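Peer 1: Count the sequence shown with the working numbering and you get residues 1 to 218, in order.
Using N, Cα and C, we set each Cβ at its ideal position, and we do this for glycine too.
Source: prediction; values computed, not measured.
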Amino acid sequence: MRQLAARLLNLDRRVIFVLVALAILVPIIRPLNLPGLRVTAAVRGVYDEIEALPPGSPVLISFDFDPASKPELYPMGVAITRHAFQRGLKVVATSLWITGAGLAEEILHTAAREYHKVYGEDYVFLGWQPQPVNVIIGLGQDLYKTFPKDHRGNDTRSLPVLREVTSLKDIRYIVDLAAGTPGVETWVVYGTDKYGVKIGGGTTAVSEPGLRPFLQTG
1 MRQLAARLLN LDRRVIFVLV ALAILVPIIR PLNLPGLRVT AAVRGVYDEI
51 EALPPGSPVL ISFDFDPASK PELYPMGVAI TRHAFQRGLK VVATSLWITG
101 AGLAEEILHT AAREYHKVYG EDYVFLGWQP QPVNVIIGLG QDLYKTFPKD
151 HRGNDTRSLP VLREVTSLKD IRYIVDLAAG TPGVETWVVY GTDKYGVKIG
201 GGTTAVSEPG LRPFLQTG
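The following block contains the structure:
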(Lines of atoms letter the chains of each structure in order from A and count residues from 1; the text may use other names and numbers.)
(Lines give C-alpha, C1' and ligand atoms only; values in the text may rest on other atoms or scores of the structure.)
Protein backbone atom coordinates (compact mmCIF):
# COMPACT_ATOMS: atom_id res chain seq x y z
CA MET A 1 0.00 0.00 0.00
CA ARG A 2 2.83 2.37 0.90
CA GLN A 3 4.63 1.52 -2.32
CA LEU A 4 1.51 2.30 -4.34
CA ALA A 5 1.07 5.61 -2.55
CA ALA A 6 4.72 6.50 -3.16
CA ARG A 7 4.40 5.68 -6.87
CA LEU A 8 1.28 7.84 -7.17
CA LEU A 9 3.00 10.75 -5.44
CA ASN A 10 5.95 10.50 -7.81
CA LEU A 11 3.78 10.16 -10.92
CA ASP A 12 4.80 12.48 -13.75
CA ARG A 13 2.40 15.43 -13.75
CA ARG A 14 2.09 15.17 -17.54
CA VAL A 15 0.43 11.79 -17.08
CA ILE A 16 -2.05 13.37 -14.66
CA PHE A 17 -2.82 16.16 -17.15
CA VAL A 18 -3.50 13.60 -19.89
CA LEU A 19 -5.83 11.60 -17.61
CA VAL A 20 -7.75 14.74 -16.63
CA ALA A 21 -8.06 15.75 -20.29
CA LEU A 22 -9.41 12.32 -21.21
CA ALA A 23 -11.87 12.40 -18.31
CA ILE A 24 -13.26 15.67 -19.70
CA LEU A 25 -13.15 14.93 -23.43
CA VAL A 26 -14.49 11.36 -23.50
CA PRO A 27 -17.94 12.21 -22.01
CA ILE A 28 -18.21 15.16 -24.41
CA ILE A 29 -17.42 13.02 -27.47
CA ARG A 30 -19.39 10.00 -26.25
CA PRO A 31 -22.05 11.05 -23.68
CA LEU A 32 -22.31 8.54 -20.85
CA ASN A 33 -26.13 8.69 -20.58
CA LEU A 34 -25.96 7.88 -16.90
CA PRO A 35 -29.15 6.29 -15.54
CA GLY A 36 -31.06 7.88 -12.72
CA LEU A 37 -30.49 11.52 -13.67
CA ARG A 38 -33.70 13.47 -13.18
CA VAL A 39 -35.01 16.97 -12.73
CA THR A 40 -35.60 17.71 -9.05
CA ALA A 41 -38.84 19.19 -7.76
CA ALA A 42 -37.06 22.43 -6.83
CA VAL A 43 -35.70 22.93 -10.35
CA ARG A 44 -39.05 21.99 -11.87
CA GLY A 45 -40.75 24.52 -9.60
CA VAL A 46 -38.69 27.44 -10.94
CA TYR A 47 -39.20 26.25 -14.51
CA ASP A 48 -42.96 25.97 -14.03
CA GLU A 49 -43.22 29.44 -12.49
CA ILE A 50 -41.50 31.01 -15.51
CA GLU A 51 -43.43 28.85 -17.94
CA ALA A 52 -46.76 29.95 -16.42
CA LEU A 53 -46.11 33.68 -16.88
CA PRO A 54 -47.85 35.28 -19.86
CA PRO A 55 -45.62 36.91 -22.52
CA GLY A 56 -44.66 40.46 -21.65
CA SER A 57 -44.59 39.83 -17.91
CA PRO A 58 -41.68 41.56 -16.12
CA VAL A 59 -39.28 39.32 -14.20
CA LEU A 60 -36.28 40.35 -12.14
CA ILE A 61 -33.01 38.39 -12.18
CA SER A 62 -30.37 39.26 -9.61
CA PHE A 63 -26.84 38.06 -10.40
CA ASP A 64 -25.28 37.92 -6.95
CA PHE A 65 -22.06 35.99 -7.50
CA ASP A 66 -18.45 36.41 -8.52
CA PRO A 67 -15.95 34.74 -10.90
CA ALA A 68 -15.00 32.21 -8.20
CA SER A 69 -18.54 30.78 -8.24
CA LYS A 70 -18.97 31.14 -12.01
CA PRO A 71 -18.73 27.36 -12.71
CA GLU A 72 -21.82 26.71 -10.59
CA LEU A 73 -23.97 29.80 -11.15
CA TYR A 74 -23.11 31.10 -14.60
CA PRO A 75 -24.86 28.16 -16.38
CA MET A 76 -27.94 28.75 -14.22
CA GLY A 77 -27.93 32.41 -15.23
CA VAL A 78 -27.72 31.53 -18.90
CA ALA A 79 -30.52 28.96 -18.61
CA ILE A 80 -32.86 31.27 -16.67
CA THR A 81 -32.26 34.20 -19.03
CA ARG A 82 -32.76 32.04 -22.12
CA HIS A 83 -35.99 30.67 -20.70
CA ALA A 84 -37.29 34.16 -19.94
CA PHE A 85 -36.48 35.39 -23.45
CA GLN A 86 -37.95 32.25 -24.98
CA ARG A 87 -41.20 32.95 -23.14
CA GLY A 88 -41.20 36.58 -24.31
CA LEU A 89 -40.82 37.97 -20.79
CA LYS A 90 -39.37 41.39 -19.98
CA VAL A 91 -36.11 40.93 -18.08
CA VAL A 92 -35.07 43.46 -15.44
CA ALA A 93 -31.63 42.52 -14.13
CA THR A 94 -29.49 43.77 -11.28
CA SER A 95 -26.62 42.62 -9.07
CA LEU A 96 -26.10 43.01 -5.33
CA TRP A 97 -22.45 42.01 -5.84
CA ILE A 98 -20.18 44.41 -7.71
CA THR A 99 -18.24 41.36 -8.92
CA GLY A 100 -21.40 40.07 -10.62
CA ALA A 101 -21.93 43.08 -12.87
CA GLY A 102 -19.60 41.97 -15.66
CA LEU A 103 -20.90 38.40 -15.54
CA ALA A 104 -24.49 39.63 -15.67
CA GLU A 105 -23.81 41.77 -18.73
CA GLU A 106 -22.13 38.87 -20.46
CA ILE A 107 -25.03 36.50 -19.78
CA LEU A 108 -27.67 39.01 -20.84
CA HIS A 109 -25.82 39.93 -24.02
CA THR A 110 -25.27 36.30 -24.99
CA ALA A 111 -28.90 35.26 -24.44
CA ALA A 112 -30.29 38.43 -26.06
CA ARG A 113 -28.23 37.85 -29.19
CA GLU A 114 -29.52 34.27 -29.43
CA TYR A 115 -33.16 35.36 -29.14
CA HIS A 116 -32.83 38.66 -31.03
CA LYS A 117 -33.82 40.77 -28.02
CA VAL A 118 -33.23 44.52 -27.95
CA TYR A 119 -31.68 46.30 -24.98
CA GLY A 120 -34.04 48.82 -23.42
CA GLU A 121 -37.08 47.24 -25.06
CA ASP A 122 -36.88 43.59 -24.02
CA TYR A 123 -34.36 43.73 -21.18
CA VAL A 124 -32.34 46.11 -19.02
CA PHE A 125 -29.42 45.78 -16.63
CA LEU A 126 -29.85 48.24 -13.78
CA GLY A 127 -26.37 47.53 -12.47
CA TRP A 128 -24.92 47.57 -8.95
CA GLN A 129 -25.24 49.95 -6.05
CA PRO A 130 -23.83 49.74 -2.49
CA GLN A 131 -25.88 48.82 0.58
CA PRO A 132 -27.88 45.88 -0.83
CA VAL A 133 -30.64 45.98 1.78
CA ASN A 134 -31.37 49.60 0.92
CA VAL A 135 -31.30 48.72 -2.78
CA ILE A 136 -33.97 46.04 -2.36
CA ILE A 137 -36.14 48.24 -0.15
CA GLY A 138 -35.71 51.07 -2.64
CA LEU A 139 -36.76 48.85 -5.52
CA GLY A 140 -39.84 47.95 -3.52
CA GLN A 141 -40.75 51.62 -3.15
CA ASP A 142 -39.57 53.36 -6.34
CA LEU A 143 -37.39 51.79 -8.99
CA TYR A 144 -36.70 55.10 -10.74
CA LYS A 145 -35.39 56.79 -7.59
CA THR A 146 -33.26 53.79 -6.69
CA PHE A 147 -31.85 53.46 -10.20
CA PRO A 148 -32.29 56.80 -12.01
CA LYS A 149 -29.74 55.51 -14.54
CA ASP A 150 -29.14 51.97 -15.76
CA HIS A 151 -25.70 50.31 -15.95
CA ARG A 152 -25.10 51.96 -19.33
CA GLY A 153 -26.06 55.43 -18.16
CA ASN A 154 -29.51 55.55 -19.76
CA ASP A 155 -32.37 57.35 -18.01
CA THR A 156 -34.49 54.50 -16.67
CA ARG A 157 -37.69 56.48 -17.16
CA SER A 158 -36.99 56.55 -20.90
CA LEU A 159 -36.67 52.78 -21.34
CA PRO A 160 -39.74 51.02 -22.82
CA VAL A 161 -38.99 47.82 -20.89
CA LEU A 162 -39.60 49.71 -17.62
CA ARG A 163 -42.68 51.58 -18.78
CA GLU A 164 -44.99 49.51 -16.59
CA VAL A 165 -42.46 48.66 -13.86
CA THR A 166 -42.23 51.27 -11.13
CA SER A 167 -41.39 48.99 -8.20
CA LEU A 168 -41.13 45.35 -7.11
CA LYS A 169 -44.92 45.31 -6.87
CA ASP A 170 -45.02 45.25 -10.67
CA ILE A 171 -42.56 42.34 -10.94
CA ARG A 172 -44.22 38.97 -11.52
CA TYR A 173 -41.31 36.76 -10.46
CA ILE A 174 -37.80 37.13 -8.99
CA VAL A 175 -34.90 34.76 -9.56
CA ASP A 176 -31.79 35.27 -7.45
CA LEU A 177 -28.55 33.51 -8.34
CA ALA A 178 -26.36 33.86 -5.27
CA ALA A 179 -23.01 32.62 -4.01
CA GLY A 180 -23.57 33.83 -0.46
CA THR A 181 -24.73 36.95 1.36
CA PRO A 182 -26.28 39.23 0.23
CA GLY A 183 -28.30 36.70 -1.70
CA VAL A 184 -31.45 34.64 -1.52
CA GLU A 185 -32.08 35.27 2.19
CA THR A 186 -31.71 39.01 1.66
CA TRP A 187 -34.22 39.01 -1.19
CA VAL A 188 -36.65 36.86 0.81
CA VAL A 189 -36.57 39.03 3.93
CA TYR A 190 -36.48 42.51 2.38
CA GLY A 191 -38.06 41.89 -1.01
CA THR A 192 -40.42 39.01 -1.54
CA ASP A 193 -41.75 38.73 2.01
CA LYS A 194 -42.28 42.48 2.29
CA TYR A 195 -43.77 43.10 -1.15
CA GLY A 196 -45.39 39.75 -1.88
CA VAL A 197 -43.37 38.76 -4.96
CA LYS A 198 -42.62 35.09 -5.61
CA ILE A 199 -38.96 34.13 -5.73
CA GLY A 200 -36.86 31.31 -7.09
CA GLY A 201 -33.20 30.88 -6.25
CA GLY A 202 -30.07 29.23 -7.52
CA THR A 203 -27.07 28.88 -5.25
CA THR A 204 -23.76 27.11 -4.78
CA ALA A 205 -23.72 23.59 -3.36
CA VAL A 206 -22.14 24.71 -0.09
CA SER A 207 -24.95 27.23 0.52
CA GLU A 208 -27.84 24.93 -0.39
CA PRO A 209 -28.36 23.21 3.01
CA GLY A 210 -28.82 26.56 4.75
CA LEU A 211 -31.46 27.63 2.25
CA ARG A 212 -33.45 24.39 2.24
CA PRO A 213 -35.76 25.54 5.07
CA PHE A 214 -37.02 28.35 2.80
CA LEU A 215 -37.87 25.75 0.17
CA GLN A 216 -39.48 23.36 2.65
CA THR A 217 -41.75 26.10 4.02
CA GLY A 218 -42.80 27.20 0.54
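Could you tell me which of Leu8, Val188, Val161 sits nearest to Ile174, measuring between CA atoms?
Peer 2: Residue numbering aside, residue 174 sits at position 174 when the sequence shown is read from its first letter. The option with the nearest alpha carbon to Ile174 is Val188.
Peer 1: Around the Cβ of Ile29, are there at least 16 other Cβ atoms within 10 angstroms (buried) or fewer (exposed)?
Peer 2: As a first step, residue 29 is located in the sequence shown; it is residue number 29 there, counting from the start. Flag for Ile29 reads exposed.
Peer 1: Could you check the C-alpha separation between Pro58 and Val26 for me, to the nearest Å?
Peer 2: In the sequence shown, the residue the question calls residue 58 occupies position 58. In the sequence shown, the residue the question calls residue 26 occupies position 26. Rounded to whole angstroms, Pro58 and Val26 show a C-alpha spacing of 41 Å.
Peer 1: Can you tell me the Cα-Cα spacing of Glu121 and Asp150, whole angstroms?
Peer 2: Your numbering for residue 121 matches position 121 in the sequence shown. Your numbering for residue 150 matches position 150 in the sequence shown. Using only the alpha carbons, I get a separation of about 13 Å.
Peer 1: Around the Cβ of Gly100, are there at least 16 other Cβ atoms within 10 angstroms (buried) or fewer (exposed)?
Peer 2: Indexing the sequence shown from 1 puts residue 100 at position 100. Gly100 should be labelled buried.
Peer 1: Does Val124 pass the burial test, meaning 16 or more other C-beta atoms within 10 Å, or should it be called exposed?
Peer 2: Working through the sequence shown from its first residue, we reach residue 124 at position 124. Buried.
Peer 1: How is Leu11 classed by DSSP in three states: helix, strand or coil?
Peer 2: As a working note, residue 11 is residue 11 in the sequence shown. In the structure shown, Leu11 falls within a coil segment according to DSSP collapsed to helix, strand and coil.
Peer 1: Tell me the residue span of the beta strand (DSSP E) that contains Ala58.
Peer 2: The residue you call residue 58 lines up with position 58 of the sequence shown. Per the sequence shown, residue 58 should be read as Pro rather than Ala. Per DSSP, Pro58 belongs to the beta strand (DSSP E) from 58-64.
Peer 1: Let me check you understand the geometry: is the CB of Glu114 closer than 6 Å to at least one non-hydrogen atom of the ligand NAP?
Peer 2: By its list of ligands, the structure shown contains no ligand whatsoever, and the ligand NAP lies outside what it can speak to.
Peer 1: Give me, in chain order, the residues of the same chain whose beta-carbon lies closer than 7 Å to that of Ile136; leave out the 5 immediate sequence neighbours on both sides.
Peer 2: To locate residue 136, count along the sequence shown from 1; it is residue 136. Excluding the 5 residues flanking it on each side, Ile136 has same chain C-beta neighbours closer than 7 Å at Thr186, Trp187, Tyr190, Gly191, in chain order.
Peer 1: Tell me, please, whether the stretch 54-72 touches the stretch 81-92 by the rule of three or more beta-carbon pairs shorter than 8 Å.
Peer 2: yes
Peer 1: Starting from Gly36 and walking both ways along the beta strand (DSSP E), at which residues does that stretch end?
Peer 2: Within the sequence shown, residue 36 is the residue found at index 36, counting from 1. First-last for Gly36: undefined, no H or E at that position.
Peer 1: At what residue ranges does the stretch 55-124 contain a whole run of the alpha helix (DSSP H), taking only runs of 4 or more?
Peer 2: 70-86, 101-115
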